[in-house]
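What follows is one structure encoded as structure tokens, with my remarks underneath.
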DNA sequence: TTGAAAGCGCTAACAT
DNA sequence: ATGTTAGCGCTTTCAA
């Protein structure tokens, strides 16, 4: 691998000069510039970014930590983040935390050891205190990590309101929320979906009902629980699920039980990924603004990295959008 | 950020000694070891991997280049790769090539500039010659990049045979392949699916039929083409698609046309991702051994990186597995 | 068992 | 307009 001094020798100049033309600063004559450029080409020279960063230059590396990459919502968000970061000259170190706090912590150390310029986190383990004490720029998606760390999210409360109101408007009276319920705690921004649900029903003088369904359960067990529920609760006529997957499961089970969706049961999900929308356009859902989220995450991180902007209890919230489709048809 | 010399000062030893305990070599007395460890803890010391790698040490960074991360097949493969690399102490630089040769090339430069220890590629642009001239360990998924670069893939030919035979066995006679067809060229390993299809039908004295469907088309256009095809080709009774997505589209369109699957039309896909299997268990498909592929990719890369093993025209092929389900029921 | 010092490839202050 | 040189934080010979 050719290095700076090789280029310098070949071009008949000093290393400084080569460094200058690479970084394009100071005064250079056209002649030397050209000499250096040709030397660089001939040697197929690539600057070693390790050596560069060692002087305090940015590494242009950003750690991106998410709980899963196979979940289409995260996949689409990560894809957007990667693409936008690339356009800004950054590379992504992908950290798939896998709901594993130990792995996440280990990644955190690796990232600081690698001198990343910043970190984008979207995981949900609350055990990791390190984020607060790190002096690295961090931005978070949908999770409160500390007062200094800005949190970007979509408006889960408003989204849930949209969804619930859609169920009411389509004629449902006996409406259930299906998902992981944390009635009361609301540490997780996502719990706001529950609150928005309850609030909207209250405003419509209806009673909220819940079916707790842990996210960690296997699909088969979820299906079984949903089947159980639907069989024993013939009164239910509207369901708001915590995510599109669960909504799909509900629709599948309903079909197998010959329950007509949307005639006898309205269903609405949450997330609105392109993947699920393209294969199940019949599903009404709340679409999170994935592109905007990615943009805001990166914009905010950029402000922290390049303008050293400080944040204090910043919660940046983007509006959600209702996708009205067949599963909530009147 | 504390550095080696800080630790040395605090522990009352030289930097050499600290370096020795970090890397655990040379002879150290227990006493100094302990002194250094406590100093490290107190300062919350993290070695700077940039400085380390500058001496020629490995960066423990691997570039992972794929055409898409939102496609569940790649998402699941990347997730497996990431997890296994992590267990081996490597970090992943995620490169989403997006079917964009320019971006891919640019990433390639970035990766070499960052001194990655190796690269795993799964993209399909044939324009990039750089792979062959790089002296970096590269392994490829499902794509021939050059004689020195080992190619790992599942057995597309055998998979297609399994799929096609399943259609025949379930009683279909008038069988179509739907997907991007490249009749004859077979540069892409994936084209072997077409060959396996043709071969199997020949063995069963049946004639192969094709519906060319470009992957780049939007879902709506694909659906339209499929609808057209099914409407105008009432004789078709078996369909093998190039991937599960297309199979799902076929089933959706068939349903809307009141064509009974599997009674009047057998359908089988390819890929067998967990995601699609969990939401469409009724789809028969060929499951690629994603975990094994990931393992083999990493194992091979590891041989190249750490044992400097050379490969010449290596094609490592893993068997596929038939998932027999409702869509090909007799 | 420990330390001094050279140097990895680059940048940037300081000279000229 | 160009060059000399001192580091960045670490590893590693070589010497003690």
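Chains as they are written, first to last, in the UniProt record's numbering: chain S, 1 to 330; chain C, 1 to 330.
Using N, Cα and C, we set each Cβ at its ideal position, and we do this for glycine too.
Remember, it's a predicted structure, so these values are computed and weren't measured experimentally.
- Legend: CB atoms of the region 31-56 of chain S lying less than 9 Å from CB atoms of chain C belong to residues 44, 46, 47, 48, 49, 50, 51, 52, 53 and 54.
- No Cβ-Cβ contact shorter than 8 Å links residue 18 of chain C with residue 33 of chain C.
- Chain order gives the chain C residues near residue 83 of chain S as 96 and 98, where near means a beta carbon separation below 8 Å.
- Segment contact: the region 105-122 of chain C against the region 44-61 of chain S, three or more CB-CB distances shorter than 8 Å; contact assigned.
- Taking C-beta separations shorter than 6 Å and ignoring five residues to either side along the sequence, the partners of residue 182 of chain C in its chain run 191, following chain order.
- By the criterion of a C-beta distance shorter than 8 Å, residue 101 of chain C is surrounded in its chain by 125, 127 and 128, once the five residues flanking it on both sides are discounted.
- Under the three-state reduction of DSSP, residue 314 of chain S is assigned to coil, being neither helix nor strand.
- Within the DSSP secondary-structure output, residue 96 of chain S pairs in a beta bridge with S/66.
- Here the alpha carbons of residue 16 of chain S and residue 5 of chain S stand approximately 9 Å from one another.
- In summary, no residue of the region 285-316 of chain S has a CB separated from any CB of chain C by less than 8 Å.
- Within 7 Å of the CB of residue 248 of chain C, the CB atoms of chain S belong to 279, in sequence order along the chain.
- Scanning C/136, C/287, C/168 and C/248 for the CA closest to the CA of residue 148 of chain C turns up C/136.
- Distances from the alpha-carbon of residue 295 of chain S to those of S/55, S/46, S/69 and S/140 put S/140 closest.
- Counting the other Cβ atoms within 10 Å of the Cβ of residue 221 of chain C gives fewer than 16, which makes it exposed.
- Straight through space, the alpha carbons of residue 68 of chain C and residue 74 of chain C are spaced by roughly 7 Å.
- Short of 7 Å from the beta carbon of residue 166 of chain S, and not among the five residues preceding or following it, lie these beta carbons of its own chain, in chain order: 268, 284, 322, 324 and 328.
- A straight-line Cα-Cα distance of about 12 Å links residue 72 of chain C and residue 279 of chain C.
- For residue 307 of chain C, the closest alpha carbon among the candidates C/118, C/257, C/293 and C/164 is that of C/118.
- Chain C places a beta carbon closer than 8 Å to that of residue 86 of chain S, counting this residue as a contact.
- The beta carbon of residue 230 of chain C sits no closer than 8 Å to any beta carbon of chain S.
- For residue 128 of chain C, the nearest beta carbon of chain S is not closer than 8 Å to its own beta carbon.
- For a cut-off of 8 Å, the C-beta gap from residue 79 of chain C to residue 39 of chain C is around 39 Å, too long to register as a contact.
- Contact check between the region 171-181 of chain S and the region 213-228 of chain S: three or more CB pairs, one atom from each, fall below 8 Å, which counts as touching.
- Secondary structure at residue 287 of chain S: strand, using DSSP grouped into helix, strand and coil.
- By DSSP's assignment, residue 54 of chain S forms no beta bridge with any residue.
- With fewer than 16 other Cβ atoms from the protein chains shown falling within 10 Å of its own Cβ, residue 257 of chain C counts as exposed.
- Fully enclosed beta strand (DSSP E) runs of no fewer than 3 residues occupy 118-121, 138-141, 151-154 and 175-179 of the region 111-180 of chain C, in order along the chain.
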